[in-house]
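A short worksheet on the structure shown next.
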Amino acid sequence: MKLNIPIILLCLILCFTAGCAQVNSTTTTTLPAGETYPADSSYDDAVGIYVSTAGNDSTGNGSIGNPYRTIQHVLTNIAVSGDIIVLRGGTYNENIDIRVANITIRSKNDEWANIQSPTGDSSINQTVRFNIDAGWSSSGGKLYRLEIIGGYYYAVKFETMWDWGGADRSGVSSVTIEACKIHDTGRDCVKVTPNCDDIRIINCEIYNSGLRDNSNAEGIDNVNGDRMIVADCKIHDIATNGLYFKGGATDCVAERNTIYNCGGAGILLGFDTSPEFFDLAVNPQYFENINGIARNNIVYNTQNSGIGMYAAKNPQVLNNTIVNAAQTYHSPIYFGLTFQDWDADAGRPASEGAVIKNNIAVSNSPDSYGVYIRYASDLGGMNAYSGLPTMGHNRYFKLGGGTLVFVDQRPASTFSGGLSGWQSHISGDANSAEGDPDLDGAYHLNTGSPCVDAGETISSVAYDIDKQARSSPYDIGADEK
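For the sequence shown, the positions run -21 to -1, 1 to 460 when mature numbering (1 follows the signal peptide of the UniProt record, and there is no 0) is used.
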């Protein structure tokens, strides 16, 4: 095989090290769905309330020549809805609590600001908190070109009134985090709580989670936040899972991300959530994920699945490149079980309606697994999938040689065998093949790759990971050659 993992890793380390500085200057990002996120030039440094490490909260007036000293002083005493807070370069050793709607906090265009708090102080749960209470909210805000570090639990947290006992269970919503670096956290880097909807994380670098507690430390942890978009991000060196949308999260999209070096999985559509966080009015069956999409992502070096689905309704896994996945458990593409605290009233449904097409899945599973549908005898018997997934035009490969094993553990449809048997078993995965996908050091297709022009043309993946328009017939994987 042409993939040489040590060389690839060296190339990518150099690539991403150089790329970190590029997070500071972005270009306009237009998603296929039509959302547009502004570039540096859309902000005028003449507009905004200035804060500087050399400023003064008592004598400052917020001008560039006479700035305030602390971000929290401005948030508490000065800022009103719609204001832009501009940070001069330097490190701000404070944790901030945002309680005003439609506030933008950003670095000055030609400078870079860090907001940092310790991971060892249990009184500082997060570095940046988007807060909410009856009558007010920090919805509509934006963080732009900032480095956010630390927090006992989280670097950034979106708060909710979900479990306060009142009729209003709103969460902070419609917030964008763009062109930021978020890292070195106590646990998760970004925490989204129930009903925190329409959060967008765009063109960010997220890494080094779980410095204090690495047992439950995701890059992005979304519990029942709908319509979240995570796009064009680098998420790496994560203690557990790169990102997940769970707890009934609906219409969420992970696209054009590069996710690597995860102690758990790369991307999970669904996972395992305590029953009290589900909205049973819209999701009475307790689906962990509804209509989730993972498309045009590169995922590599994961201990568990590259992309997994748990109690997921209508998930779409399209044009992803998964390499060196499932090094310890699971398979590159995996259907898992959710136990939901073993609660007697929880639903724990099987995934259903999955569409899995145009993916490259390079497995490093010790058991040579390619795709795996799990079953457990617990709680009266639990299937990870209901029916048969819709699959096709996928490229599978086993690192180190040999053939992959495809597994269906369900008692009524047990199977374990090679690709051709798998295709017969599910009456699908047509036009899929097994063999070297021929990738370069950045997991893009080489000119002679068998994945070129071998995919299905799917309208919802009109662009590749580099925002290059695809041409019919599409290539397999995240890259369009």
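No residue lacks a Cβ here, since even glycine has one placed at the ideal position from N, Cα and C.
Over the uninterrupted beta strand (DSSP E) stretch that includes S96, give me the two end residues.
The residue you call residue 96 lines up with position 117 of the sequence shown. Bounds of the beta strand (DSSP E) holding S96 are 92 to 96.
Look at the alpha carbon of S428 and the alpha carbon of R274, and state the distance between them as a whole number of angstroms.
As a working note, residue 428 is residue 449 in the sequence shown. As a working note, residue 274 is residue 295 in the sequence shown. So the alpha carbons of these two residues sit roughly 20 angstroms apart.
Could you work out which residue in E459, G332, G39 is closest to N298 when comparing CA atoms only?
As a position in the sequence shown, residue 298 is number 319, starting the count at 1. Distance from the Cα of N298 is smallest, within the candidate group E459, G332, G39, for E459.
Could you check what DSSP says for D320 in three-state terms: helix, strand or coil?
The count along the sequence shown starts at 1 and reaches residue 320 at position 341. Reduced to three states, the DSSP call for D320 is helix.
Residues of its chain near N81, where Cβ-Cβ distance is below 7 angstroms and the 5 sequence neighbours each way are ignored
The residue you call residue 81 lines up with position 102 of the sequence shown. Cβ within range, chain order: S60, G61, G119, G120.
Is it buried or exposed for residue 465, if we count other Cβ within 10 angstroms and need 16 for buried?
Residue numbering for the chain in the displayed model covers -21 to 460; residue 465 lies beyond these limits and cannot be assessed.
Can you find a heavy atom of the ligand FMN that lies under 6 angstroms from the Cβ of N373?
You won't find the ligand FMN in this model; it holds no ligand whatsoever.
Cβ shell of D192 (< 8 angstroms), same chain only, five flanking positions each side left out
Taking the first residue of the sequence shown as 1, we reach residue 192 at position 213. Counting only residues of its own chain and dropping the five nearest sequence neighbours on each side, D192 has a CB closer than 8 angstroms to the CB of G165, R166.
Please determine if the region 398 to 413 and the region 243 to 254 are in contact, where contact requires at least 3 C-beta pairs separated by less than 8 angstroms.
The region 398 to 413, when compared against the region 243 to 254, does not touch it at the 8 angstroms Cβ threshold.
In this structure, does DSSP put R166 in helix, strand or coil?
By 1-based counting over the sequence shown, the position of residue 166 is 187. It is coil, neither helix nor strand.
Measuring alpha carbon to alpha carbon, tell me which of P345, Y354, S365, G400 ends up nearest G380.
Position 401 of the sequence shown holds residue 380. Closest in C-alpha terms to G380, from the list P345, Y354, S365, G400, comes P345.
Whole angstroms is fine: what's the gap from Y351's alpha carbon to Q388's?
On the sequence shown, position 372 is the one that residue 351 refers to. On the sequence shown, position 409 is the one that residue 388 refers to. Between the alpha carbons of Y351 and Q388 lies a gap of roughly 8 angstroms.
With 16 other CB atoms within 10 Å as the buried threshold, where does E197 fall?
Translated into positions along the sequence shown, residue 197 becomes position 218. Using a 10 angstroms sphere on the CB of E197, the tally of other CB atoms reaches 16 or more, which defines it as buried.
Distance CB(residue 464)-CB(R374) smaller than 7 angstroms:
This structure does not reach residue 464, given that the chain is present from -21 up to 460, and the question cannot be answered.
Could you give the DSSP three-state label for W115: helix, strand or coil?
The residue you call residue 115 lines up with position 136 of the sequence shown. For W115, the three-state secondary structure derived from DSSP is strand.
I'd like the span of the beta strand (DSSP E) that includes I405, first residue to last.
Residue mapping note: residue 405 aligns to position 426 of the sequence shown, counting from 1. For I405, there is no enclosing beta strand (DSSP E); the enclosing alpha helix (DSSP H) has its first and last residue at 398 to 405.
Helix, strand or coil for G332? Go by DSSP, reduced to three states.
Reading the sequence shown from its first residue, position 353 is the one you call residue 332. Note: G332 maps to coil in three-state DSSP.
DSSP three-state call for H215: helix, strand or coil?
Taking the sequence shown and counting its residues from 1, one reaches residue 215 at position 236. Residue state, collapsed to three classes: strand.
M361 bridges to which residues according to DSSP?
Position 382 of the sequence shown, counting from 1, holds the residue named residue 361. DSSP lists A355 as partners of M361.
On the CB-based measure, 16 or more other CB atoms within 10 Å of its CB, does G249 come out buried or exposed?
By 1-based counting over the sequence shown, the position of residue 249 is 270. Per the 10 Å Cβ criterion, buried.
First and last residue of the uninterrupted alpha helix (DSSP H) at I50:
In the sequence shown, the residue the question calls residue 50 occupies position 71. Here the alpha helix (DSSP H) through I50 covers 50 to 56.
Throw me the rounded Cβ distance for the K213 and E234 pair, which I believe falls under 8 angstroms.
Taking the sequence shown and counting its residues from 1, one reaches residue 213 at position 234. Taking the sequence shown and counting its residues from 1, one reaches residue 234 at position 255. So it is not a contact: roughly 14 angstroms between Cβ atoms.
Roughly how many angstroms separate the alpha carbons of I318 and G226, rounded to a whole number?
For this step, residue 318 is matched to residue 339 along the sequence shown. For this step, residue 226 is matched to residue 247 along the sequence shown. Looking at the sequence itself, residue 318 is Phe, so the reference to Ile does not match. Distance between the alpha carbons of F318 and G226: 12 angstroms.
Who are the near neighbours of H52 in its chain, counting only those whose CB is closer than 6 angstroms to its CB and skipping five residues on each side?
Here residue 52 corresponds to residue number 73 of the sequence shown, with the count starting at 1. Shown here for H52: same chain residues with a beta carbon closer than 6 angstroms to its own, the five before and five after excluded, namely D36 in chain order.
Can you tell me the Cα-Cα spacing of Q282 and D112, whole angstroms?
Taking the sequence shown and counting its residues from 1, one reaches residue 282 at position 303. Taking the sequence shown and counting its residues from 1, one reaches residue 112 at position 133. Answer to the nearest angstrom: the Cα atoms are 40 angstroms apart.
Starting from the Cα of T106, find the closest Cα among Q295, M207, E73 and give me that residue.
What you label residue 106 is simply residue 127 of the sequence shown in a count that begins at 1. Out of Q295, M207, E73, E73 has the C-alpha closest to the C-alpha of T106.
Apply the 10 Å Cβ neighbour rule to A(-1) and answer buried if 16 or more other Cβ atoms are within range, or exposed otherwise.
Here the question's residue -1 lines up with position 21 in the sequence shown. With a pLDDT of only 34 at A(-1), under 50, the local geometry of the prediction cannot be trusted, and no value is derived from it.
As assigned by DSSP and simplified to three states, the class of V431:
For this step, residue 431 is matched to residue 452 along the sequence shown. In the displayed model, V431 falls within coil according to three-state DSSP, outside both helix and strand.
Alpha carbons only, please: which of N40, G285, G204 is nearest the one belonging to D258?
Here residue 258 corresponds to residue number 279 of the sequence shown, with the count starting at 1. Comparing Cα positions, the closest option is G204.
Just the Cα atoms here: how many angstroms apart are Y223 and G39?
Along the sequence shown, one-based indexing puts residue 223 at 244. Along the sequence shown, one-based indexing puts residue 39 at 60. If you draw a straight line from the Cα of Y223 to the Cα of G39, it is about 43 angstroms long.
Might you give, ordered along the chain, the residues of its own chain that have their beta carbon closer than 6 angstroms to the beta carbon of K136, omitting 5 neighbours on each side?
Reading the sequence shown from its first residue, position 157 is the one you call residue 136. Taken in chain order, the residues that qualify are Q105, R108, K170.
To which residues of the same chain is G69 closer than 6 angstroms at the C-beta, ignoring the five residues directly before and after it?
Here residue 69 refers to the residue found at position 90 of the sequence shown. Cβ within range, chain order: T32.
For the beta strand (DSSP E) containing G144, name the first residue and the last one.
By 1-based counting over the sequence shown, the position of residue 144 is 165. Going by DSSP, G144 is part of no beta strand (DSSP E) at all; its letter is neither H nor E.
Could you tell me if W401 is buried or exposed, where buried requires 16 or more neighbouring beta carbons within 10 angstroms of its beta carbon?
The residue labelled residue 401 in the question sits at position 422 within the sequence shown. Around the beta carbon of W401, a 10 Å sphere encloses 16 or more other beta carbons of the protein chains shown; the residue is thus reported as buried.
Return the CA-CA distance between Y123 and S86, expressed in angstroms with no decimal places.
Taking the sequence shown and counting its residues from 1, one reaches residue 123 at position 144. Taking the sequence shown and counting its residues from 1, one reaches residue 86 at position 107. Cα to Cα, Y123 sits roughly 7 angstroms from S86.
Exposure label - V2; buried when at least 16 CB within 10 Å:
Here residue 2 refers to the residue found at position 23 of the sequence shown. Here the model assigns V2 a pLDDT of 41, short of 50, so the residue's position is not dependable, and the following value carries that caveat. Its Cβ being crowded by 16 or more others within 10 Å, V2 is buried.
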